[in-house]
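Below is one structure; the comments refer to it alone.
There are 2 protein chains.
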Amino acid sequence: MTMKLKYNIAVVGATGAVGQKIVKILEERNFPINNLKLLSSKRSAGTKIQFKDTELVVEEATNDSFHDIDIALFSAGGSVSKRFAPEAVKRGAVVVDNTSAFRMDEEVPLVVPEVNEDDLKAHQGIIANPNCSTIQMVAALKPIQDAFGLSRVIVSTYQAVSGAGTQAVEELKTQAQQILANEEPEATILPVKSGKNHYPIAFNALPQIDLFQENGYTFEEMKMINETKKIMHAPDLSVAATCVRLPFFTSHAESVYVEVEQKGLTTEELWKVLEHAEGIILQDDPATQTYPTPLSASGKNDVFVGRVRKDLDHENGFHMWVVSDNLLKGAAWNTVQIAERLIEKNLLLK
Amino acid sequence: MTMKLKYNIAVVGATGAVGQKIVKILEERNFPINNLKLLSSKRSAGTKIQFKDTELVVEEATNDSFHDIDIALFSAGGSVSKRFAPEAVKRGAVVVDNTSAFRMDEEVPLVVPEVNEDDLKAHQGIIANPNCSTIQMVAALKPIQDAFGLSRVIVSTYQAVSGAGTQAVEELKTQAQQILANEEPEATILPVKSGKNHYPIAFNALPQIDLFQENGYTFEEMKMINETKKIMHAPDLSVAATCVRLPFFTSHAESVYVEVEQKGLTTEELWKVLEHAEGIILQDDPATQTYPTPLSASGKNDVFVGRVRKDLDHENGFHMWVVSDNLLKGAAWNTVQIAERLIEKNLLLK
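Respectively, the protein sequence lines represent chains A and B.
Under the numbering used here, the residues of the first sequence are numbered 2 to 351, in order.
Under the numbering used here, the residues of the second sequence are numbered 2 to 351, in order.
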């Protein structure tokens, strides 16, 4: 295999919230593209999307769509990935999959480049992009784990509606307008579109993201727990999660409690490590009321950390507040970042 | 002292968000009132407030306002309490104070009736009503402490804007309308009116409630930590808090992690104890997506608990989601409840 200078890229789910962001980032990053193919379901085929000077027409995804593709970026739901990702690999494409379809497969690397880019080397055609709420948390945990050792994580999330898709974004807008006009809010999408019950999200908080498992945890919570252990190569790390959907549009925030292994660690030492960590921006100064918020983090690729402080009762415990754009680092940017590293590391299939 | 049948009651801060709720609850509970005196600052004096069939005129609070008052319910800010509460006590009134002015005074009982009503007996004229976010949490923790022992609490809060007063409520409404109309939101109140910086709360999350202390914690977080230990008579209980303001109007929600002392406890046993606890309503059934939310809890006096589940890595750890109306159980209702218990227990001064 020789290193090409430009690549044939397919974006599957190009008309979705994340797909659109992927196309935008490919443009912004001036990604080395020979041919860009935008794919979707039959329903959305025909949609026109601007890429640099060209108007591209979205095509319906078929097995043959992946002929001659070098990298296929999937973001169209788990069933689409399950159907087409193996077909894309068969035709020589490396797949970066943004759904949960393959994340826990032992043979599939689950990658956040700042955390475990070396795992890319073992890929067999498919690389999974982790869940949005997991990505930003492990980006903040990894430098701590490396510097001080990490034994325990307890997270409570504050998650934006865009994580549930464009219909959820519209639902929040509509309900907010209804409530401000003293009308009854109509709920048909959240917390889970396929669920039996729907509750208003506007001016509310819903302690359910994704469906419930038998054990009383939601799938979102289990994703955070299981994916964190896999990405960090830490099967024995204690991880607990409570995931909550909130009425804002973009960026997830997380209240994260960690216990480190090193004794006597100070907040200043923790700051120093976070300050120099790849992909992390420390925004933490109580004196000037400096901390990240969903609004301040939106539109940016980085993971922002603030409110770092030592637990007052536990010598090895620290609290922090981690915020990042769920559609960028949490999805589209992490996906494109993986594609960039695949090229840099010469890990394509052809 | 003989037990009276009807009492002279003063409400200080009667025109505020909590004061108005207190008046409403006194009416709803058919509180045994002889004379109801509504007090406020000079600025709000003259306001008319309906109580049962009568229109009452709010008077400016002076020392003499408390002449002949049996119970004075204060909810007009710490400085007003500091100035007038001792004057009210001097004149024979028992004060139930809704501010943070006296909460940590050793001589002042800090009371949530379901948790520590016996502490009322030691009062010396002033009883403090705890912080809203503390009240609902300790109401849920107490039955767990009693049944199984409690060693550790880590809470992340999801707090309504009404906790910051009526101006904050208006700010959220105005900003929401501005953002929905694609205008820049104007921020002048939150996170803290007296703070240097103000950030939009609409469609956002602010990890600051009240001002910062030297140690990097906010006063709200320190209130939760210190008040919980005091109310529960558990100076050695490990308590950690992260407090976050969110864009909803009423009811605080809390993601609470607890560690119990009893080994091998099951979720079912925890449910049973919560189900029979005073003031608690268990709303917890993943199969039917049953859990409390700020919207569902608003307007109700109870503390609602859901999402109870065992930690997957820690044998003694459990997670739960606690929601209650911050203006009712978190403030007005707990205050009136204390007044009722003072009468029942014959603990007035005259």
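We put the beta carbon where it would ideally sit given N, CA and C, even for glycine.
Annotation: Cβ neighbours of residue 206/A in chain B (cutoff 8 Å, chain order): 159, 247, 249, 254, 294, 295. Counting only runs that start and end inside the region 124-197 of chain B, the beta strand (DSSP E) elements of at least 3 residues fall at 127-129, 151-159. Listed as beta-bridge partners of residue 324/B by DSSP are 254/B, 305/B.
By the beta-carbon neighbour count (other beta carbons within 10 angstroms, threshold 16), residue 6/A is exposed.
Under the three-pair Cβ rule at 8 Å, the region 191-198 of chain A counts as touching the region 283-293 of chain B.
For residue 221/A, the CB contacts under 6 Å within the same chain, skipping 5 residues up- and downstream, are 210, 211, 244 in chain order.
In the DSSP annotation of this structure, residue 57/A is not part of any alpha helix (DSSP H); the continuous beta strand (DSSP E) holding it starts and ends at 55-58. Between residue 22/A and residue 90/A, the alpha-carbon positions lie close to 23 Å from each other.
Residue 10/B has a beta carbon lying at 8 Å or more from every beta carbon in chain A.
Of the candidates 316/A, 134/A, 312/A, 312/A places its Cα closest to the Cα of residue 216/B.
DSSP places residue 96/B inside the beta strand (DSSP E), whose first and last residues are 95-98. Residue 132/A places its beta carbon less than 8 Å from that of residue 228/A. Following the DSSP letters along the chain, one finds residue 41/B in no alpha helix (DSSP H) but inside the beta strand (DSSP E) bounded by residues 34-41. For residue 31/B, the number of other beta carbons within 10 angstroms of its own is below 16, and it is reported as exposed. In the DSSP assignment, residue 286/A is bridged to 291/A.
A check of alpha carbon separations from residue 280/A across 107/A, 307/A, 15/A, 137/A identifies 137/A as the nearest. Taking 8 Å as the cut-off, the Cβ atoms of residue 27/A and residue 62/A do not count as close. CA-CA distance, residue 342/A to residue 49/A, rounds to 29 Å.
In chain order, 155, 239, 241 make up the part of chain B whose C-beta sits under 9 Å from the C-beta of residue 312/A.
Separation of the CB atoms of residue 79/A and residue 94/A is rounded to 18 Å, and the pair is thereby denied contact status at 8 Å. If you draw a straight line from the Cα of residue 86/B to the Cα of residue 308/B, it is about 41 Å long. The alpha-carbon of residue 34/A is positioned some 41 Å away from that of residue 241/A. In this structure, the straight-line span from the alpha carbon of residue 190/B to that of residue 176/A is close to 24 Å. Exposed is the label assigned to residue 44/B, since fewer than 16 other Cβ atoms lie within 10 Å of its Cβ. At a C-beta separation below 9 Å, residue 78/A has no neighbours in chain B, since its nearest C-beta there lies roughly 22 Å away.
A contact between stretches requires three or more CB pairs, one per stretch, nearer than 8 Å, and the region 169-186 of chain B meets this requirement with the region 246-262 of chain B. When rounded, the separation of the alpha-carbon atoms in residue 344/B and residue 331/B is 21 Å. Judged by DSSP secondary structure, residue 9/A falls within the beta strand (DSSP E) whose first and last residues are 8-13. In this structure, residue 258/A and residue 155/B form a Cβ contact; the two beta carbons are roughly 6 Å apart against a cut-off of 8 Å. DSSP links residue 51/A through a beta bridge to 56/A. Closest in alpha carbon position to residue 264/A, among 105/A, 298/A, 317/A, 303/A, is 317/A.
For residue 268/B, the enclosing alpha helix (DSSP H) covers residues 268-276. With respect to the 8 Å criterion, residue 128/B and residue 139/B are not classified as neighbours on the basis of their beta carbons.
159, 174, 177, 178, 181: these are the residues of the region 159-186 of chain A whose beta carbon lies less than 7 Å from some beta carbon of chain B, given in chain order. Here residue 63/A carries a coil assignment [DSSP, helix/strand/coil]. One alpha carbon belongs to residue 59/B, the other to residue 47/B, and they sit about 5 Å apart.
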